[in-house]
Amino acid sequence: MARITMKNITVMALFFPLTATTAENRFEFHATDNLDPVFLEQCKAFRNALDNGNLETIKSFTDPDFYAHPGLTTALRKLVQGYRKEVGKPGYQQTSFSLAKLANPDRAHVRILYEFDAGKGHGNSGCTFKRIKGKSWGIMPGS
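Under my numbering, think of the first position of the sequence shown as 157, with each following residue one higher.
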């Protein structure tokens with residue numbers, strides 16, 4: 157996933173507890189532990205929004221306190237741009253989509269392995285999540 161510098165607003169800082177009403181609430185969801193299958197669903201929803209360039213859905217993953225920030229739309233567009241650069245590589249093909257077993261119980265990661273250039277290149281992408289409190293979790297795009 158694309159990383160956005162502080163100058164362009166660190167996307168990770170935008171993604172903390174959400175009580176938004178835009179699109180469907182996709183943040184501060186509940187999971188039993190860091191291997192709950194809900195992370196796969198959340199990651200698919202986020203990547204589908206990136207695929208479609210749906211800024212409203214992507215925005216629904218963010219803390220509503222940042223909605224009025226003048227750089228939010230630019231940061232989200234850059235996130236989409238970075239994602240498109242990754243999946244737009246010649247011959248991009250996803251080879252694996254799975255939950256990673258992490259030692260840190262407050263983090264979860266969906267690992268997406270891919271290859272491109274007829275298997276000459278490969279990468280590891282995906283979605284990282286952070287426990288907010290109790291059983292509440294949120295996505296950390298850009299991580």
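Each residue gets a CB set at the ideal place from its N, CA and C atoms; glycine is no exception.
Evaluate residue i with the Cβ neighbour count: other Cβ atoms within 10 Å of its Cβ, from every protein chain shown; 16 or more gives buried, anything less gives exposed.
i, result
"residue 249", "exposed"
"residue 240", "exposed"
"residue 247", "exposed"
"residue 223", "exposed"
"residue 218", "buried"
"residue 193", "exposed"
"residue 233", "exposed"
"residue 294", "buried"
"residue 297", "buried"
"residue 177", "Its pLDDT being 38, under 50, residue 177 is placed unreliably by the model, and the measurement read from it follows with that caveat. Exposed: under 16 other Cβ atoms inside 10 Å."
"residue 182", "buried"
Cβ atoms of residue j and residue i: under 8 angstroms apart, would you say?
i, j, result
"residue 284", "residue 265", "yes"
"residue 216", "residue 180", "yes"
"residue 275", "residue 245", "no"
"residue 206", "residue 229", "no"
Comparing C-alpha positions only, which one of the options sits nearest to residue i?
i, options, result
"residue 195", "243, 228 and 257", "257"
"residue 214", "193, 236 and 226", "236"
"residue 260", "279, 225 and 287", "287"
"residue 273", "243, 212 and 294", "243"
Would you mind giving the Cβ-Cβ distance between residue i and residue j, rounded to the nearest angstrom? I have them listed as a contact below 8 angstroms.
i, j, result
"residue 267", "residue 190", "The pair is not a contact, with the Cβ atoms about 13 angstroms apart (cut-off 8 angstroms)."
"residue 186", "residue 291", "5 angstroms"
"residue 270", "residue 281", "6 angstroms"
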